[in-house]
Amino acid sequence: MSWVAAAFASAFFAGITSILAKCGVHHTDSDVATAIRTCVVLIFAWIMAGVAGSAGQMGQIGAKSWLFLVLSGLATGGSWICYFKALSVGDVNKVVPVDKMSTVLAALLAIVLFGETSSLAVKLVGTAAVALGTFLMIEKKQGDTAAGKPQDRTWLVYAALSAVFAALTSVLAKVGIEDVESNLATAVRTCVVLVMAWSIVAGKGKLDQASRVDKRELGFLAASGLATGASWLLYYHA
Numbered sequence: 004m005s006w007v008a009a010a011f012a013s014a015f016f017a018g019i020t021s022i023l024a025k026c027g028v029h030h031t032d033s034d035v036a037t038a039i040r041t042c043v044v045l046i047f048a049w050i051m052a053g054v055a056g057s058a059g060q061m062g063q064i065g066a067k068s069w070l071f072l073v074l075s076g077l078a079t080g081g082s083w084i085c086y087f088k089a090l091s092v093g094d095v096n097k098v099v100p101v102d103k104m105s106t107v108l109a110a111l112l113a114i115v116l117f118g119e120t121s122s123l124a125v126k127l128v129g130t131a132a133v134a135l136g137t138f139l140m141i142e143k144k145q146g147d148t149a150a151g152k153p154q155d156r157t158w159l160v161y162a163a164l165s166a167v168f169a170a171l172t173s174v175l176a177k178v179g180i181e182d183v184e185s186n187l188a189t190a191v192r193t194c195v196v197l198v199m200a201w202s203i204v205a206g207k208g209k210l211d212q213a214s215r216v217d218k219r220e221l222g223f224l225a226a227s228g229l230a231t232g233a234s235w236l237l238y239y240h241a
């Protein structure tokens, strides 16, 4: 599969993830939802690492790769936690465009940090177009709000933080997977996300809520995790 096809497929599954995730947080706490979904992603990731034959190569990962994979995992965890919180309080068609501003941030960071300046003018124009399109999408939706009614901008704060963490994830992961098979890298960093997610759930005293999640929402969260795993694997392949 070419990198272009893999990138488009990754975007497709990422889009499905947003819809499924929104369906899974109507009554489920966002932190608990993140932790549950991460379990599904972890299983999926290690299965793919096993299929790729790289599961036994953990001992070959260098110290530098470990550092950046762990940092990437922490950034991913931060992004997911903020993203689920944003979805729990905001509309999908508001949250997703802001979250996808991570594409703009990642592109700019890649230019600055990795010197990816080939066709720089085209990249900058495309990046500006994405940023403008995102702004217009948000403004259009806000315009539908009843006149004089105060708007809750909590979702915007969390969605923006999700975008920042997601951009950092891309940059850190780029360094972390230079000498690591992509499926194995995905599995390793998902372990970091899992520990972080459940630590937050435990720290906030929400462990008991995990056993009381609605079965229907649990199904949506599991499906969201599978879609996330597929999106990740295709993204790293690209």
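As numbered in the working numbering, residues 4 to 241 make up the sequence shown, in order.
Quick reminder that beta carbons are idealized off the backbone N, C-alpha and C, glycines included.
On a predicted model such as this, the values are computed, not experimentally measured, just so you know.
### Task
Express the C-alpha separation of D211 and T130 in angstroms, rounding to a whole number.
Those two C-alpha atoms are separated by around 44 Å.
### Query
By how many angstroms is the C-alpha of V44 removed from the C-alpha of D182?
CA-to-CA, the gap between D182 and V44 works out to about 22 Å.
### Task
Would you kindly work out how many angstroms separate the C-alpha atoms of S82 and L90, rounded to a whole number?
The straight-line gap from Cα to Cα measures roughly 12 Å.
### Task
Note down, in chain order, each residue of its chain lying with its Cβ closer than 7 Å to the Cβ of L135, except the 5 sequence neighbours on either side.
Answer for L135: no residue qualifies.
### Query
Which same chain residues, not among the five before or five after A123, have their C-beta less than 8 Å away from its C-beta?
For the sequence presented, residue 123 should be read as Leu rather than Ala. Hits under 8 Å: I114.
### Query
Can you name the start and end residues of the alpha helix (DSSP H) that S173 belongs to?
Bounds of the alpha helix (DSSP H) holding S173 are T157 to G179.
### Touching by the beta-carbon criterion (3+ pairs, under 8 Å), the segment 206 to 225 and the segment 10 to 18
No contact exists between the segment 206 to 225 and the segment 10 to 18.
#### Entry: With 16 other Cβ atoms within 10 Å as the buried cut-off, status of A149
Because A149 sits at a pLDDT of 49, beneath the cut-off of 50, its placement in the model cannot be relied upon, and the following sentence gives the value as read from the coordinates. So A149 ends up on the exposed side.
#### Entry: Where E220 falls: helix, strand or coil (DSSP)
Helix.
### Message
Can you tell me where the alpha helix (DSSP H) holding A205 begins and where it ends?
### Response
Segment S185 to G206, the alpha helix (DSSP H) holding A205.
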